[in-house]
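Notes follow the structure.
Residue numbers (the working numbering): 5 to 117.
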């Protein structure tokens, strides 16, 4: 089942119980009050958003890996890194993108760093 199907499934017949730290509970409670939603709805919304972003991140990672594989294949007997002038810079850029994604996720759930 893909994320879109999960997001469209509004049948909440399965009950679960989770334990939250007091500070996380207060954070979610404030957010729920601000958005005029139930605690459960805020948790569901944030979980779905996290899963969707995680899927997008995995897709982007797979795309980068395929890009590298194609570069290696395209040059036959050569190493495949001729188009990459500075592989350290490329890897730094990827790490920066991952850090930015992580920062957005933390901001989305209201955690300050």
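For glycine and all other residues, C-beta sits at the position ideal for the given N, C-alpha and C.
Query: For residue 17, the three-state DSSP class (helix, strand or coil); Result: coil
Query: Proximity below 8 Å, CB of residue 32 to CB of residue 46; Result: yes
Query: First through last residue of the alpha helix (DSSP H) which encompasses residue 95; Result: 91-112
Query: Of the listed residues 95, 56, 88, 35, nearest to residue 12 (C-alpha basis); Result: 56
Query: CB contact flag (residue 28, residue 36, <8 Å); Result: no
Query: As assigned by DSSP and simplified to three states, the class of residue 49; Result: helix
Query: Endpoints, alpha helix (DSSP H) assigned at residue 32; Result: 26-39
Query: Pick from 38, 74, 64, 102 that is closest to residue 87, judged by C-alpha positions; Result: 74
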